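Each position in the sequence shown, counted from 1, maps to that position plus 38 in my numbering.
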Amino acid sequence: MPLLLADGVVVIDGLGQARLLRPDENAAPGEVVISPGNSSNSLQVEVVDSNGQTEVISNDPQTQSVLEQLEAGQDPTAAEELAPQAGEELGSSPTVFGAISRDGSETIASTLFETRGIDSVGLSETQSLSLLELLNTFNLVTSEPPPNAPPSSDNFTFSYAENSADDDIIGKVTALDPEGLPVTYSIEYGEDDSLEGLFEINDEGEISLTPQGVEAFTNDFESDPNSHQITVIASDGVNQTPIVVTLNETDVNEPPVF
Numbered sequence: 039m040p041l042l043l044a045d046g047v048v049v050i051d052g053l054g055q056a057r058l059l060r061p062d063e064n065a066a067p068g069e070v071v072i073s074p075g076n077s078s079n080s081l082q083v084e085v086v087d088s089n090g091q092t093e094v095i096s097n098d099p100q101t102q103s104v105l106e107q108l109e110a111g112q113d114p115t116a117a118e119e120l121a122p123q124a125g126e127e128l129g130s131s132p133t134v135f136g137a138i139s140r141d142g143s144e145t146i147a148s149t150l151f152e153t154r155g156i157d158s159v160g161l162s163e164t165q166s167l168s169l170l171e172l173l174n175t176f177n178l179v180t181s182e183p184p185p186n187a188p189p190s191s192d193n194f195t196f197s198y199a200e201n202s203a204d205d206d207i208i209g210k211v212t213a214l215d216p217e218g219l220p221v222t223y224s225i226e227y228g229e230d231d232s233l234e235g236l237f238e239i240n241d242e243g244e245i246s247l248t249p250q251g252v253e254a255f256t257n258d259f260e261s262d263p264n265s266h267q268i269t270v271i272a273s274d275g276v277n278q279t280p281i282v283v284t285l286n287e288t289d290v291n292e293p294p295v296f
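Okay, structure coming up:
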């Protein structure tokens, strides 16, 4: 069954043949109508009565059981209550559903249905088989989460004067998340990094000296080195992006000390 619900409303006639319902077309009595439900992962299944009115059967307990089993990746026809009664013929050759693709990022696993499923709700056997196939196509789709790209950012270079206070902002790092997720910042130090604990960054990406950094070589131009490199991690909660930040300390003309 190559029809996909993403294309619109699907109708199954009394012979089990599925087709897309045209916008100007009404389903005929006895036909089964399958349309997207209220949520992206749900279906509404209806059958048209002799008066042309539709009756929702997706709320029928047995139909609902089939939907739940399909969603869980199970074969609903394996259940005893869905198997044919003793002496009954299958009436239809076994149907193998191969793996298909919906949009390149969604695929379904192959599975095998060998009997009728939900014909207890008034459908013909061929309609039941076709409906099972369509439900299998829809419910066993493995939807890969949409790609979540990491935040994007450039590297930064800032200069700050020696003798800065711990509340002086040296510079501000910014990163943009493609999905619009909030970005948080932290500083990552390597093993035995002499800069660890001397710089800090807040939620806005603003870098400053810590109280320890104010008292260290990082705030005294006469104490080498005067250029410091830290790695800021920008995270959207899923992905992380390292940002290289260079902090150049500048000299201040200090009065002589006697």
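The C-beta atom is built at its ideal place from N, Cα and C for all residues, glycine as well.
Since this is a predicted model, take the numbers as computed values, not measurements.
Which class does residue i belong to by DSSP, given the choice of helix, strand or coil?
i	result
Pro294	coil
Gln278	strand
Asn257	helix
Ala147	At Ala147 the pLDDT is 32, less than 50, meaning the model places this residue with poor confidence; the figure from the coordinates comes in the next sentence. In the structure shown, Ala147 sits in coil (DSSP, three-state: anything other than H, G, I, E or B).
Pro74	strand
Val252	helix
Glu171	helix
Ala117	Its pLDDT being 46, under 50, Ala117 is placed unreliably by the model, and the measurement read from it follows with that caveat. Reduced to three states, the DSSP call for Ala117 is coil.
Ser158	For Ser158, the predicted model reports a pLDDT of 46, less than 50, meaning its position is unreliable and no value from the coordinates is stated.
Ala199	strand
Ser190	strand
Ala66	coil
Ile225	strand
Ile50	strand
Gly218	coil
Ile95	coil
Asn286	strand
Ile208	coil
If residue i and residue j are in contact, beta carbons under 8 angstroms, what's the gap, nearest whole angstrom?
i	j	result
Glu244	Ile207	5 angstroms
Glu287	Asn264	4 angstroms
Asp258	Glu217	About 43 angstroms separates the two Cβ atoms, so there is no contact after all.
Gln250	Gly228	At roughly 18 angstroms, the Cβ-Cβ gap does not stay under 8 angstroms, so Gln250 and Gly228 are not in contact.
When you compare each of the options to residue i by their alpha carbons, which one comes out closest?
i	options	result
Asn186	Asp204, Pro74, Leu214 and Asp192	Leu214
Gln55	Ser224, Val71, Pro61 and Asn193	Val71
Thr367	Pro74, Glu229 and Thr284	Only positions 39 to 296 of the chain appear in the structure, and residue 367 is not among them; the question remains open.
Thr195	Leu236, Asp205, Pro189 and Thr212	Thr212
Leu58	Glu171, Gly68 and Ser73	Ser73
Ser191	Thr92, Glu93 and Thr279	Thr279
Asp262	Asn240, Val276, Asp289 and Asn277	Asp289
Using the beta-carbon count (16 or more within 10 Å), is residue i buried or exposed?
i	result
Glu260	exposed
Leu53	exposed
Pro189	buried
Ser88	exposed
Val47	buried
Ser202	buried
Val83	buried
Glu171	buried
Do residue j and residue i count as a contact pair if the criterion is CB distance below 7 angstroms?
i	j	result
Tyr223	Val270	yes
Leu219	His266	no
Val86	Pro67	yes
Leu247	Asp204	yes
Ile225	Ile281	no
Val221	Ala254	no
Asp51	Glu63	no
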